[in-house]
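Inspection log for the structure reproduced underneath, given as structure tokens.
In my numbering, the protein residues as written are 54 to 217.
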């Protein structure tokens, strides 16, 4: 299974508020020929690292497709661009949409501008929490550590809140 982390903390001209951007991303992935197998609930989370930017809306989608990882990255970046994603030099900047490939069929992949599993996956409750909702038995493809243990290792340092 392929897992995508989806997040937004800025409104877009086309879709409006961050949750609508995330929902639009799901529709645009489907319109690109990517099958959505499952989608987690949406969560609100504070920016990491902590900053003055707005809170994020985050979720995870389980998808399947016949694309290569590199082509999937291109599709994801195209969708981000459609929603007005700016790519400033500052890392972790606020954004209208972010789609990260966090797992590709439990493989470890390193290609140009692409590292799967996502290198900071294990440090982010806003990814691990929604991933647990749709894949409670998931294990990190490189370390083999189960999702419950990865979440427990984060302690109480991060808080996510499920949106209705």
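Where is the CB? At the ideal position from N, CA and C, for every residue including glycine.
Distance CB(residue i)-CB(residue j) smaller than 8 angstroms
i, j, result
"residue 72", "residue 216", "yes"
"residue 133", "residue 153", "no"
"residue 189", "residue 200", "yes"
"residue 96", "residue 214", "yes"
"residue 61", "residue 148", "yes"
"residue 155", "residue 91", "no"
"residue 47", "residue 122", "Residue numbering for the chain in the displayed model covers 54 to 217; residue 47 lies beyond these limits and cannot be assessed."
Beta-bridge partners of residue i, as assigned by DSSP
i, result
"residue 167", "164"
"residue 60", "111 and 151"
"residue 214", "97"
Exposure label - residue i; buried when at least 16 CB within 10 Å
i, result
"residue 124", "exposed"
"residue 212", "exposed"
"residue 172", "exposed"
"residue 69", "exposed"
Q. If you pair each beta-carbon of the region 78-98 with each one of the region 113-128, do three or more pairs fall below 8 angstroms?
A. yes
Q: Note down, one range per segment and in chain order, each beta strand (DSSP E) of at least 3 residues found wholly within the region 96-162.
A: 96-98, 109-117 and 151-157
(Q) Check whether the region 72-81 and the region 159-166 are in contact - that is, three or more C-beta pairs closer than 8 angstroms. (A) no
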